[in-house]
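**Q** Questions regarding the structure given below will be posed in turn.
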Amino acid sequence: MRVLHVAAEVFPLVKTGGLADVVGALPQALRRRGADVRLLLPGYPAIADALPNPKTIVELGPLFGAGRVALRLGEMPGSEVPAYVVDAPWLYRRAGGPYQAGDGSEWPDNLQRFALLGWMAAHVAGGELDRDWQPTLLHAHDWHAAMACAYLAAHPGNTVPSVFTVHNLAYQGVFPAGDFAQLGLPPHFMQSHGIEYHGQLSFMKAGLKYARRITTVSPTYAREIATHEFGCGLDGVIRGRGGDVSGILNGVDGAVWDPAADAGLAARYTAADLAGKQRNKAALRAEMGLEARAAAPLFGVVSRLTAQKGLDLVLAALPALLRLGAQLVVQGSGDPVLEAAFSQAAHAHPGQVALRIGYDEALAHRVIAGADAILVPSRFEPCGLTQLYGLRYGTLPLVRRVGGLADTVVDADEAALREGRATGFAFDAATPAALEAALERAVRAYAQPEAWRRLMKTAMAQDFSWDGAAAGYLALYQRLAGGRE
Ligand code: ADP
Ligand code: GLC
1 MRVLHVAAEV FPLVKTGGLA DVVGALPQAL RRRGADVRLL LPGYPAIADA LPNPKTIVEL
61 GPLFGAGRVA LRLGEMPGSE VPAYVVDAPW LYRRAGGPYQ AGDGSEWPDN LQRFALLGWM
121 AAHVAGGELD RDWQPTLLHA HDWHAAMACA YLAAHPGNTV PSVFTVHNLA YQGVFPAGDF
181 AQLGLPPHFM QSHGIEYHGQ LSFMKAGLKY ARRITTVSPT YAREIATHEF GCGLDGVIRG
241 RGGDVSGILN GVDGAVWDPA ADAGLAARYT AADLAGKQRN KAALRAEMGL EARAAAPLFG
301 VVSRLTAQKG LDLVLAALPA LLRLGAQLVV QGSGDPVLEA AFSQAAHAHP GQVALRIGYD
361 EALAHRVIAG ADAILVPSRF EPCGLTQLYG LRYGTLPLVR RVGGLADTVV DADEAALREG
421 RATGFAFDAA TPAALEAALE RAVRAYAQPE AWRRLMKTAM AQDFSWDGAA AGYLALYQRL
481 AGGRE
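Letter 334 of the sequence shown, counting from 1, is numbered 334 in the working numbering, and no numbers are missing.
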């Protein structure tokens, strides 16, 4: 089974969120199960310059405004996953983020940048660009790669099926209808049963309409996106796909997230020997300027600061958290209003609330290892990875019961405690009061060291490995490929 994965970010080269973690880990897990997987990625400097000795597969004339486009093939550093890079300096070689300039504004040519990505993927799948390798199946991730499904559908004589994975329905890649001519697709693609979306055009809708199968990153989110509440205006399209939509939970990359081997920690630890966990807490408090109060539980947040993550609830519940005697450490970046509010909270409560604004992978490990519990009170959450990292590190997740959070955390209610299944704390309403009630339960549990230790051990025993997810994807690929190898 040959599979081409198409995506706009990949850990450890370019990462804005969990998508990169998935694209870094899933192909490796699929390869361990015997699949012949390759990646196809945009040639941002961080990617194009990181692959040692790439081989030029083909050079093409002007495409999507880029004068020169080349397809090169290299290998992901640190893994053996072959990666095609779309080398189009005009579109990708610039400082700034994958989707935005340094000032936070969207790149004005994102239509061309991600149309080219999809076009190249579809033509590798079509077999014209690399004569030595043609995938059995194409797998596109999120709106940035979604046009691959449309170009494949438009490709004459195409027999390669596509899978489209929705990592986050809230980001859709919507552009003015007038840009349609630049896409080079037949006119019927710009209809309501195609990529037309309320008088504009939508890359996300291209994936949802033209992929043979749609997956999302948890079973609960797969059900949620068919509803008005979570469908971001596309729930009708999702419902229209009926049984073609399913959920496969993400995993944890154990080579990156493992408390027993994490080189960046003050101390390593296992479920059998938790002593190191306390050393990490002490080190984190010292690093963050938090008081070393023996009985105080430390709650952590590692997150993009966006409306999705429900961190306004944490701000509203902060007085209650402090009243309960707990401390808070927040690592994140994003919305300037949230950054300012957390910064104000840290100033108002020195020694009890600490904030680090910015993106720092190593610090994320120290926060997740050093905190007692990790807060993920999201308004919606397709899967969520930080609660999975928390489980693995014995840092109990306190989550809102939505999407992948509902699928991965077992609330410490009476029955789950009695049966030894509990792994964290969950609440339902997106209100400060509901979060406060969950915080109170967590602080009460923390005050009983034996009970808390049992929860930690159960959490650390959970198996959210990529191997399970890879098995799920492979079964799906095999059904779609209908016996073709
Ligand atoms: P999302 O993709 O919606 O942001 P996930 O929980 O799936 O949410 O993934 C977030 C990923 O980004 C995790 O790997 C998390 O550790 C990381 N992350 C989030 N914010 C930061 C930050 N400020 N610094 C370092 N890593 C971060
Ligand atoms: C998105 C979602 C997050 C998910 C990640 C990886 O960024 O917001 O919930 O874990 O993709 O699939």
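Note that the Cβ used here is the ideal one computed from N, Cα and C, for glycine as well.
Because the structure is a prediction, the values reported are computed rather than measured.
1) Return yes when the C-beta of Y359 is under 6 Å from any heavy atom of the ligand ADP, and no when it is not.
2) Could you tell me whether any non-hydrogen atom of the ligand GLC is closer than 6 Å to the CB of C383?
3) Leaving aside the five residues before and after C149 along the sequence, list all residues of the same chain whose C-beta is less than 7 Å from its C-beta, in chain order.
4) Anyone know if the C-beta pair for A369 and L439 falls short of 7 Å?
5) Does the stretch 413-431 come into contact with the stretch 392-402, if we say contact requires no fewer than three beta-carbon pairs (one atom in each stretch) closer than 8 Å?
6) Which runs of the alpha helix (DSSP H) at least 4 residues long sit entirely within the stretch 213-282? Give them in chain order.
7) Span of the alpha helix (DSSP H) holding G102?
8) Compute the distance between the beta-carbons of L117 and V81, then report whether it is under 7 Å.
9) Which of helix, strand or coil does DSSP assign to L298?
10) Would H193 be called buried (16 or more neighbouring beta carbons within 10 Å of its own) or exposed?
11) Leaving aside the five residues before and after V37 along the sequence, list all residues of the same chain whose C-beta is less than 7 Å from its C-beta, in chain order.
12) From this set, E287, M120, P12, P42, which residue's C-alpha is nearest A371's C-alpha?
13) Quick one: measure Cβ to Cβ for F464 and L388, integer angstroms, because I've assumed they're closer than 8 Å.
14) Please go through the same chain and pick out, in chain order, the residues whose beta-carbon is closer than 7 Å to the beta-carbon of A451, but skip the five residues on each side of it.
15) Could you give the C-beta distance for P432 and A317, rounded to a whole number, given that I count them as a contact under 8 Å?
16) Name the residue from V58, L73, G34, F64 whose alpha carbon lies nearest to the alpha carbon of L51.
17) Taking the beta carbon of R484 as the centre, do at least 16 other beta carbons fall within 10 Å, making it buried, or is it exposed?
18) Leaving aside the five residues before and after L63 along the sequence, list all residues of the same chain whose C-beta is less than 8 Å from its C-beta, in chain order.
19) So what does H193 bridge to, in DSSP terms?
20) Give the single residue among Y393, V10, L201 whose Cα lies nearest to the Cα of Y269.
**A** Reading from the atomic positions:
1) yes
2) yes
3) A140, S162, F164, A206, G207, Y210, A211
4) no
5) yes
6) 219-224, 235-240
7) From DSSP, G102 is part of no alpha helix (DSSP H); its letter is neither H nor E.
8) no
9) strand
10) exposed
11) V3, H5, P27, L30, R31, V81
12) E287
13) 5 Å
14) A445
15) 5 Å
16) L73
17) exposed
18) V69, A88, L116, W119
19) Looking at the DSSP assignment, H193 forms no beta bridge with any residue, so it has no partner.
20) Y393
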